[in-house]
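Okay, so here's the structure we're looking at.
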Amino acid sequence: MTATAIGLALGLIGLPAMAQTQFGSKELIAAAEKEGQLTLYTADFAETQQEVIKEFNKVFPKIKVAMVRAPGGQLITRIKTEAAAGKLGADVVNHSDRGLMLELADLFQDYAPPNAADYRPDALVSPKLWPGVTLGWAIAYNTQLVKNAPKSWMDLLKPEYKNKQIGQVIGPSGGTTWTRIMFERQVLGEDYWKKQAEIGIALYPSGAPLSDALVRGEVSIAPLLYNIIYTKIVEGAPAEAIFAPEGVPIVPYADGITKTSKSPNAAKLFMNWRLSKEGQAFMINKLGNITSLKEPPAFPKGWDPKKIKVWVPNFEEFSKLRGTWIEEWNKTYGYRQ
Numbered sequence: 002m003t004a005t006a007i008g009l010a011l012g013l014i015g016l017p018a019m020a021q022t023q024f025g026s027k028e029l030i031a032a033a034e035k036e037g038q039l040t041l042y043t044a045d046f047a048e049t050q051q052e053v054i055k056e057f058n059k060v061f062p063k064i065k066v067a068m069v070r071a072p073g074g075q076l077i078t079r080i081k082t083e084a085a086a087g088k089l090g091a092d093v094v095n096h097s098d099r100g101l102m103l104e105l106a107d108l109f110q111d112y113a114p115p116n117a118a119d120y121r122p123d124a125l126v127s128p129k130l131w132p133g134v135t136l137g138w139a140i141a142y143n144t145q146l147v148k149n150a151p152k153s154w155m156d157l158l159k160p161e162y163k164n165k166q167i168g169q170v171i172g173p174s175g176g177t178t179w180t181r182i183m184f185e186r187q188v189l190g191e192d193y194w195k196k197q198a199e200i201g202i203a204l205y206p207s208g209a210p211l212s213d214a215l216v217r218g219e220v221s222i223a224p225l226l227y228n229i230i231y232t233k234i235v236e237g238a239p240a241e242a243i244f245a246p247e248g249v250p251i252v253p254y255a256d257g258i259t260k261t262s263k264s265p266n267a268a269k270l271f272m273n274w275r276l277s278k279e280g281q282a283f284m285i286n287k288l289g290n291i292t293s294l295k296e297p298p299a300f301p302k303g304w305d306p307k308k309i310k311v312w313v314p315n316f317e318e319f320s321k322l323r324g325t326w327i328e329e330w331n332k333t334y335g336y337r338q
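Position one of the sequence shown corresponds to residue 2 (the working numbering), numbered consecutively onward.
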């Protein structure tokens with residue numbers, strides 16, 4: 002046995018046996034630590050992914066993760082450009098738009114985590130792409146302004162919330178919002194948009210400025226991705242959020258390992274950790290995420306698994322209906338691009 006191999010073996014002795022089975026074989030872990038690094042391309046918030054990397058390094062401190070962050074569309078363009086030039090720099094790609102990632106599926110290698118059977122089939126669009134991140138929609142409200150807090154999606158039609166007390170992210174803002182408005186029409190009724198638009202809604206370009214507006218009191222109530230408002234609640238903002246009984250629209254991401262990965266073992270170990278119960282529990286408890294696991298390892302505050310159910314859009318309809326329905330949404334809410 003070489004000195005390097007002996008060193009790797011000794012390093013694994015200190016690693017809990019659970020980690021050697023939950024996240025991969027001892028051979029995979031040894032190979033990943035020998036590579037010692039990987040590059041992550043992400044469309045997620047940089048601060049969020051830094052927390053994920055930090056937690057991963059508590060288990061695997063010998064593997065450095067370099068992060069490249071860009072907005073969704075820009076990241077896809079970068080991946081296409083680099084791949085065309087034979088210079089794709091990513092080992093792992095983390096992206097919120099499953100449709101855009103599916104178009105690039107040929108750039109990713111075959112992969113499945115050790116707990117692949119534990120994931121919801123409807124959260125997958127390709128056997129190569131996995132929901133390392135899953136976000137979910139909640140209804141947030143300013144606790145200083147709202148005395149009669151909404152308890153359901155249908156409550157957001159009440160006349161008592163009229164005159165722009167409710168803020169909404171515009172339909173065309175991206176796949177996450179399209180998930181919400183598709184849920185509204187398919188689950189809450191074809192006239193839901195019309196009834197809500199009639200009470201007067203304040204429109205915002207994305208979730209970040211809307212969550213800020215809610216905290217400042219410019220709006221009182223807002224459907225928001227839970228992870229966006231969760232961080233503000235933890236920091237002490239005058240806000241709270243509920244998960245509505247009609248359903249929680251979830252947004253499964255699509256993460257994959259590139260075929261050109263220079264650190265395929267480190268990439269696989271990183272993906273295995275993210276998709277494990279431990280990785281998913283961390284993201285639920287500390288980042289305000291949901292999960293695409295059939296049996297969640299943890300639940301966000303206020304989530305009663307006996308009453309709350311997740312809603313995942315049918316992917317074929319998600320792609321086919323998008324253009325027409327968003328155009329109708331724009332017209333209903335009086336939004337002009």
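Ideal Cβ placement from N, Cα and C applies to all residues, glycine included.
Separation of residue j from residue i, as counted between CA atoms
i, j, result
"T144", "E104", "43 angstroms"
"Q110", "S26", "19 angstroms"
"V188", "K263", "45 angstroms"
"L39", "P298", "27 angstroms"
"T333", "F319", "20 angstroms"
"F316", "G137", "16 angstroms"
"G133", "A150", "32 angstroms"
"Y42", "E161", "45 angstroms"
"W274", "Q281", "9 angstroms"
"I202", "G168", "6 angstroms"
"Q75", "E52", "23 angstroms"
"D45", "V69", "10 angstroms"
"L292", "T49", "Note that residue 292 is Thr in the sequence shown here, rather than Leu. Looking at the two C-alpha atoms, the distance is approximately 15 angstroms."
"A91", "Q23", "24 angstroms"
"G335", "I309", "32 angstroms"
"G175", "T135", "15 angstroms"
Simplified DSSP assignment, three categories, for residue i
i, result
"T261", "coil"
"M2", "Low local confidence applies: a pLDDT of 43 at M2 is under 50, so the model's placement there is unreliable, with the coordinate-based value given in what follows. If DSSP states are grouped into helix, strand and coil, M2 belongs with coil."
"R345", "Nothing about residue 345 can be reported from this structure: the residues present for the chain run from 2 to 338 only."
"N58", "helix"
"N143", "strand"
"F46", "coil"
"K65", "strand"
"I7", "With a pLDDT of 40 at I7, under the threshold of 50, the modelled position of this residue cannot be trusted; read the value that follows with caution. Here I7 sits in helix by DSSP."
"W138", "strand"
"E241", "strand"
"Q281", "helix"
"P210", "helix"
"I200", "coil"
"T292", "coil"
"V126", "coil"
"N286", "helix"
"N116", "coil"
"I171", "coil"
"L76", "helix"
"D156", "helix"
"F300", "coil"
"A255", "strand"
"R99", "helix"
Any C-beta of chain D under 7 angstroms from that of residue i
i, result
"P301", "Structure shown: chain D not included; a single protein chain is present."
For residue j and residue i, believed in contact at Cβ under 8 angstroms, the rounded distance
i, j, result
"A240", "I230", "6 angstroms"
"L211", "L225", "6 angstroms"
"A255", "V126", "6 angstroms"
"V94", "T259", "7 angstroms"
"K233", "V216", "6 angstroms"
Residue nearest to residue i in terms of C-alpha spacing, selected from the options
i, options, result
"A209", "T177, I202, E161 and V53", "T177"
"N266", "T43, F61 and L76", "F61"
"W131", "L322, Y112 and I327", "Y112"
"W312", "R79, D92, T180 and M272", "T180"
"K159", "V170, K195 and R186", "K195"
"K152", "A245, N58, F283 and F57", "A245"
"P314", "T78, D213, E185 and G335", "E185"
"E236", "V69, I222, K35 and G289", "G289"
"I64", "G172, I30 and H96", "I30"
"L101", "R79, A198 and M183", "R79"
"A106", "H96, D98 and K129", "K129"
So, does the segment 113-121 touch the segment 139-156, judging by three or more C-beta pairs under 8 angstroms? no
For the pair the segment 301-312 and the segment 82-91, tell me if three or more CB-CB distances fall below 8 angstroms. no
Is the number of C-beta pairs between the segment 283-297 and the segment 146-163 that are closer than 8 angstroms three or more? no
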